[in-house]
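In the numbering used here, the protein residues as written are 237 to 603.
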């Protein structure tokens, strides 16, 4: 299988300058470059230079996917808007890491499926994940917890390890986070097990108008000046300042007590078993309903089966076999399996020369 690598860089806060576009073009003449994005595809060869450095110098997010199973999502975050102390508990060796580049912090999520990922088709994925960066700037670290959760499927982890701090609102995920879950292929039973003790809160500051009046005149003038200059993330900065004044930061509420990884996995396995059993019961109920509906038409169905076999067509045999499966299940449900066995034995005897029909009967274990 040929190798495939996909790099997608995106600039969110402001568009690329003309000189930046020219510099990025030097990496590859085949790159797809727009005022906010640069995409590089490699079937052979590799990215010239350091992707993380390119991100730090020019972009705000980067997605990397390789068809041997590697997935990376990187964020460039302004130092002034990030509390490293609160991010560090979510850093896990070889999975989630932080590095500092001048005025920015690079937050890196790295996952590697050793079994390989097949052909990667990730075009358009990054555009769906862009709002997650804004979540991080607001102090919402659900994406980091979800990345760690995904890593449980990729890496050998000590069962006695403790899970990461459980963020709020894991049961109420935004569309970008749902796309993130699909991208990382997180097991939904594991996600349910993780979210069952996550707190649900309203993270919106109540009565912001009230707290705006608490700002000093100097602060209000500063925010207005920044607004006129088009400074990015102004709403986030203002909201954080108002939360300070209100002594309320809903994202920072105390976390539930983290569990041992082995307990989290055990809970996920129990949820999986419960789901399978529930689906089995629901399927059985639906089947019983179907059998009750055909119970009064049993003689007519047997006659129809005979007519279909006499048609001596593949389509007729397929329909006949479908009816015979219904008649077999009805016989077992009605506790009259001997009668069905006698009739199907007669069909086998009468039409043993029809090899195609007999093969279909064997395939469905009717004989």
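Using N, Cα and C, we set each Cβ at its ideal position, and we do this for glycine too.
#### Entry: Under the three-state DSSP convention, the category residue 259 falls into
Your numbering for residue 259 matches position 23 in the chain shown. Of the three classes helix, strand and coil, the one that applies to residue 259 here is helix, per DSSP.
### Message
Applying the 10 Å Cβ sphere with the 16-neighbour rule, what's the burial state of residue 398?
### Response
Stepping through the chain shown from its first residue, residue 398 is reached at position 162. So residue 398 counts as exposed.
### Query
In chain order, what residues of the same chain lie with their CB nearer than 6 Å to the CB of residue 252, ignoring the 5 residues before and after it?
By 1-based counting over the chain shown, the position of residue 252 is 16. Close CB contacts of residue 252 within its chain, under the 6 Å cut and outside five residues either way in sequence, are with 271 (chain order).
### Message
Beta-carbon within less than 6 Å of residue 599's beta-carbon, same chain only, minus the 5 sequence neighbours each way: which residues are those?
### Response
Here the question's residue 599 lines up with position 363 in the chain shown. Nothing listed; no residue qualifies.
### Query
What span of residues does the beta strand (DSSP E) with residue 493 cover, start to end?
By one-based count along the chain shown, residue 493 stands at place 257. Where residue 493 is concerned, there is no enclosing beta strand (DSSP E), given that its DSSP letter is neither H nor E.
### Task
Starting from residue 286, follow the beta strand (DSSP E) in both directions and report where the run begins and ends.
Counted from its first residue, the chain shown places residue 286 at position 50. Looking at the DSSP string, residue 286 is not in any beta strand (DSSP E), and its letter there is neither H nor E.
### Message
Please return the same chain residues whose Cβ sits closer than 6 Å to the Cβ of residue 301, not counting the five positions on each side in sequence.
### Response
Within the chain shown, numbered from 1, the residue matching residue 301 stands at position 65. Cβ neighbours of residue 301 beyond the five flanking positions: 242, 307, 356, 358.
### Query
Candidates 438, 279, 254: which alpha carbon is nearest residue 266's?
Counted from its first residue, the chain shown places residue 266 at position 30. For residue 266, the closest of 438, 279, 254 by C-alpha to C-alpha distance is 279.
### Message
By the three-class DSSP mapping on this structure, what secondary structure does residue 247 have?
### Response
Locating residue 247 in the chain shown gives position 11, counting from the first residue. Taken through DSSP and simplified to helix, strand or coil, residue 247 comes out as coil.
### Query
Relative to the C-alpha of residue 569, which residue among 526, 246, 545, 544 is closest?
The sequence position of residue 569 within the chain shown is 333, counting from 1. Per the Cα distances, 526.
### Query
So is residue 604 buried or exposed if we call it buried at 16+ other beta carbons inside 10 Å?
There is no way to answer for residue 604, as the model of the chain reaches only from 237 to 603.
### Query
Sorted by chain position, which residues of the same chain lie with C-beta nearer than 6 Å to residue 584's C-beta, five sequence neighbours on each side aside?
Taking the first residue of the chain shown as position 1, residue 584 is located at position 348. So the qualifying residues of the chain are 603.
### Query
Where does residue 333 sit, in a helix, a strand or coil, going by DSSP?
In the chain shown, counting from the first residue as 1, residue 333 sits at position 97. Here residue 333 carries a strand assignment [DSSP, helix/strand/coil].
### Message
Taking the beta carbon of residue 335 as the centre, do at least 16 other beta carbons fall within 10 Å, making it buried, or is it exposed?
### Response
Within the chain shown, numbered from 1, the residue matching residue 335 stands at position 99. With fewer than 16 other Cβ atoms from the protein chains shown falling within 10 Å of its own Cβ, residue 335 counts as exposed.
### Task
Tell me whether residue 409 sits in a helix, a strand or coil according to DSSP, three-state version.
Locating residue 409 in the chain shown gives position 173, counting from the first residue. If DSSP states are grouped into helix, strand and coil, residue 409 belongs with coil.
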